[in-house]
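Asker:
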Amino acid sequence: MGKILMKGNEAIGEAGIRAGCLNYFAYPITPQSEVAEYLSHRMPEAGGLFLQGESEVAVGYMIFGASACGERVFTTSSSPGISLMSEAISYIAGAQCPAVFVNIMRGGPGLGGILPSQADYFQATKGGGHGDYRLLVMAPASVQEAVEMVMMAFPLAEKYRNPVMILGDGLIGQMMEPVEFPENLKSEPSNKDDWATNGMDTRKSEKRNLVKSLFLDPVKLNENNLILKEKYERMKREEIRFEPYNTDSDYKILIVSYGTMSRVCKTAIDNLKAEGIDVGMIRPQTLFPFPEDAVFQAASKKSCRMALSVEMSMGQMVEDVERCVHGKCPVKWYGKCGGEVPTPEEIMDVVKSCLS
Amino acid sequence: MGKTFKRPEALAVQESHYCPGCTHGVAHRLVAEVIDELGVRGRTVGIAPVGCAVLAYNYFTFDFQEAAHGRAPAMATGIKRVRPDLVVFTYQGDGDLASIGMGEIIHAANRGEKFTTVFINNAVYGMTGGQMAPTTMPGQRTTTSPSGRDVNDVGMPIKVSELLAALNTPAYISRQSVIKPKYIVKAKKAIKTAFQYQLERRCFSFVELVSTCPTNWGLTPVEAVKWAEETLIPYYPLGEIKTPEKAEGGTDAK
């Protein structure tokens, strides 16, 4: 199949179906309501399930219930909605169930705004809900990459029995780009008979399954949390994805940026190169696990004088950049998070001021 | 002569963690007997609430999920929508269902979700230590209403069955009790009817069970039964509150 022109939100919905997920629950919220609108007719057409829940709180638990009985399931929302789903996400992680959540971020805190933002970095990568858990977080920089990440998310969620989050900003959801749905990213749901509450008859077993996150015995709870920790450590070993840009050059400034913001940075880097200024960039494609070593190595380059975290937030990812740069060079932040996307010219000016 | 009274297969061999005089054990047994009689143990998924019955899954021998406080109807919706062939029920108390989970139960009932809810109403929060519930009676003392429930301050107790019955979507809604044998027989019949409606994919089905909590009422088990009968049942009248209109089709095609 060739490329077709699609709006990001609709492509994300279609990607779920193409990945082999035929169950979708959602609650409308701008700027991603088009996913629900699209799937409200496309899911039944594909033989799947669409249900609009009464709130993001309820949708979170519809996802939990469906996932816990072994079915592939996903939802999409935007920042305030993800806050409400975060309770369920914590339970799903604690009970070790796979599920896919898409957050098309808008500005916050509170109602914030409806324009693009990256201000949910902390929420996605450091928790959001309560307790010791992590999500595998992927951040697309184009509609095509959003499609691929959604398709990759289902087998990854099943591999780790953990929720996976696709963290896109409002631009990813709202813009139209040519996309194709790679056949090789289709996947079969894994066998979940050893843990899912899919009914004893279904798995022809006399052993009942129990999906829970309550461990009143402190030793048992600690054990469960160690199992979770081991999964997160394994993600760090096996799932880190990033894209280096112009890192072969003798750059003095290293930019770390993701999502739509990284595309603007690429333009700035190209323009600066034409002016004779080399800037390198690491674009994390996974925000958790974070490309720690890549950032450290890039910041350790002899020519590198400064690392610059460029993000549509008031400085969230910069804390991870500082942690990974490990004192090899100073780290600065630049960003906006009211819904405006910094322009290439602004980034160029910031880089030049860092050099002066 | 063979055994006439035995443990249902759906009920686990398990020491009870419930207090003396608590009626959760009776309600559990009724659910287990019904599941046995309908022969659906192998395709049943129960959902435990938060509250005293959070460990309900320890007493049953089929698949179980554990919900967050009040969210069981949303989880049941998730299961039933993606696996309509499974038999799904939530088991919830009054704090769980009528307070924090009111939104979830109303919308599940209004969508006509084809699962069953067993609602234990004992007019008090149990596990957290006897706090006031939405169903706590006027003047009833609890750890958060030490002078008795003041209805001018916090309103009247909610009659959940009547509230759900007011929805226009067809449903089976029944209020029974498990405090004495004469009530228990009817309660079992209602629970069985509720599961049968589910098997017929007919409607949402809901059985409220007026129950006791001697520990948090500060009464002996015998006094608790008396108080429930004299105070709760007059306010929460027993009987069939709503039955679905005769609907077309809806057979249990597995």
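Residue numbers (this note's numbering), protein chains in the order written: chain A, 1 to 356; chain B, 1001 to 1254. The beta-carbon is built from N, C-alpha and C at its ideal position, and this holds for glycine as well. Since the model is a prediction, treat every value here as computed from it, not as a measurement.
Please report the straight-line C-alpha distance between F181/A and I166/A, rounded to a whole angstrom.
Answerer: Mapped onto the first sequence, residue 181/A falls at position 181. Mapped onto the first sequence, residue 166/A falls at position 166. Answer to the nearest angstrom: the Cα atoms are 17 Å apart.
Asker: Is there a Cβ of chain B sitting closer than 7 Å to that of F64/A, yes or no?
Answerer: Locating residue 64/A in the first sequence gives position 64, counting from the first residue. Yes, its Cβ sits closer than 7 Å to a Cβ of chain B.
Asker: With a threshold of 16 other CB atoms inside 10 Å of the CB of M62/A, please say whether the residue is buried or exposed.
Answerer: Residue mapping note: residue 62/A aligns to position 62 of the first sequence, counting from 1. Buried, by the Cβ-count rule.
Asker: With DSSP run on the structure shown, which of helix, strand or coil describes R1175/B?
Answerer: Indexing the second sequence from 1 puts residue 1175/B at position 175. Residue state, collapsed to three classes: strand.
Asker: Taking the CB atoms as reference points, tell me whether F1005/B and E1113/B lie closer together than 7 Å.
Answerer: In the second sequence, residue 1005/B corresponds to position 5, counting from 1. In the second sequence, residue 1113/B corresponds to position 113, counting from 1. No, the pair does not count as a contact, with Cβ atoms beyond the cut-off.
Asker: On the CB-based measure, 16 or more other CB atoms within 10 Å of its CB, does S79/A come out buried or exposed?
Answerer: By one-based count along the first sequence, residue 79/A stands at place 79. When all chains shown are included, S79/A counts as buried.
Asker: Ignore the nearest five residues each way along the sequence and tell me which others in M138/A's own chain have a CB closer than 8 Å to its CB.
Answerer: Start at 1 with the first residue of the first sequence, and residue 138/A comes out as number 138. M149, M152, A153, V164, M165, I166, L167, R241, Q285, T286, L287, listed in sequence order.
Asker: Short of 9 Å Cβ to Cβ, which residues in the segment 12-41 of chain A face chain B?
Answerer: The residues in question are L22, N23, F25.
Asker: Taking DSSP as the reference, what is the three-state secondary structure of K1003/B?
Answerer: The residue given as residue 1003/B occupies position 3 in the second sequence. K1003/B: coil per DSSP, three-state reduction.
Asker: Using only alpha-carbon positions, find the residue among F1062/B, G1126/B, E1037/B, V1210/B that is nearest to A1053/B.
Answerer: Walking along the second sequence from the start, residue 1053/B turns up at place 53. The shortest Cα separation from A1053/B among F1062/B, G1126/B, E1037/B, V1210/B belongs to G1126/B.
Asker: I'd like to know whether the C-beta of E1037/B is nearer than 7 Å to at least one C-beta of chain A.
Answerer: Here residue 1037/B refers to the residue found at position 37 when the second sequence is read from its first residue. No - not a single Cβ of chain A is within 7 Å of the one on E1037/B.
Asker: Between the alpha carbons of T1251/B and R1201/B, how many angstroms are there, rounded?
Answerer: Position 251 of the second sequence holds residue 1251/B. Position 201 of the second sequence holds residue 1201/B. Reliability of the predicted coordinates at T1251/B is poor, the pLDDT of 49 falling under 50, and the value obtained from them is presented with this limitation in mind. Their Cα atoms are separated by approximately 6 Å.
Asker: Is it true that the CB of E71/A sits closer than 7 Å to the CB of G129/A?
Answerer: As a position in the first sequence, residue 129/A is number 129, starting the count at 1. As a position in the first sequence, residue 71/A is number 71, starting the count at 1. Against a cut-off of 7 Å, the Cβ pair of E71/A and G129/A comes out as no contact.
Asker: Mind pulling the beta strand (DSSP E) runs of 3 or more residues that sit fully within the segment 1018-1059 of chain B?
Answerer: As far as the segment 1018-1059 of chain B is concerned, its whole beta strand (DSSP E) runs of at least 3 residues are 1044-1048.
Asker: In the DSSP assignment, what are the bridge partners of D1063/B?
Answerer: Working through the second sequence from its first residue, we reach residue 1063/B at position 63. Paired residues: V1045/B.
Asker: For Q297/A versus Y121/A, is the C-beta distance shorter than 7 Å?
Answerer: The sequence position of residue 297/A within the first sequence is 297, counting from 1. The sequence position of residue 121/A within the first sequence is 121, counting from 1. Not in contact: Q297/A and Y121/A (Cβ atoms no closer than 7 Å).
Asker: Can you list, in chain order, the residues of its chain whose CB lies under 7 Å from that of H326/A, leaving out five sequence neighbours each side?
Answerer: Position 326 of the first sequence, counted from the start, is the residue given in the question as residue 326/A. Result list for H326/A: F296, in chain order.
Asker: I need the DSSP call for T202/A, collapsed to helix, strand or coil.
Answerer: Mapped onto the first sequence, residue 202/A falls at position 202. Reduced to three states, the DSSP call for T202/A is coil.
Asker: Between P244/A, G173/A, G53/A, G199/A, which lies nearest to D1063/B when the distance is taken from Cα to Cα?
Answerer: To locate residue 1063/B, count along the second sequence from 1; it is residue 63. It is G199/A whose Cα lies nearest to the Cα of D1063/B.
Asker: Would you report the Cα separation of L156/A and G60/A, rounded to the nearest angstrom?
Answerer: Within the first sequence, the letter at position 156 stands for residue 156/A. Within the first sequence, the letter at position 60 stands for residue 60/A. When rounded, the distance between both Cα atoms is 19 Å.
Asker: So the candidates are S77/A, F64/A, A36/A, S90/A; which of them puts its Cα closest to the Cα of A99/A?
Answerer: As a first step, residue 99/A must be located in the first sequence, where it is residue number 99. Minimum Cα distance to A99/A is reached at F64/A.
Asker: Looking at the secondary structure, which residues open and close the beta strand (DSSP E) in which T286/A lies?
Answerer: Taking the first sequence and counting its residues from 1, one reaches residue 286/A at position 286. Segment 286-288, the beta strand (DSSP E) holding T286/A.
Asker: Tell me the rounded alpha-carbon separation between H1028/B and K1189/B.
Answerer: For this step, residue 1028/B is matched to residue 28 along the second sequence. For this step, residue 1189/B is matched to residue 189 along the second sequence. Whole-angstrom Cα-Cα distance: 14 Å.
Asker: Let me make sure I understand the geometry here. Which of R283/A, E292/A, M312/A has the alpha-carbon closest to that of K236/A?
Answerer: Looking up residue 236/A in the first sequence gives position 236. For the residues R283/A, E292/A, M312/A, the minimum Cα distance to K236/A belongs to E292/A.
Asker: Could you name the residues of chain A that M1075/B contacts, counting a contact when the two beta carbons are closer than 8 Å?
Answerer: The residue given as residue 1075/B occupies position 75 in the second sequence. In chain order: Y61, M62, F64, G65, A68.
Asker: Starting from L1164/B, follow the alpha helix (DSSP H) in both directions and report where the run begins and ends.
Answerer: On the second sequence, residue 1164/B is found 164 positions in, with the first residue counted as 1. Here the alpha helix (DSSP H) through L1164/B covers 1160-1165.
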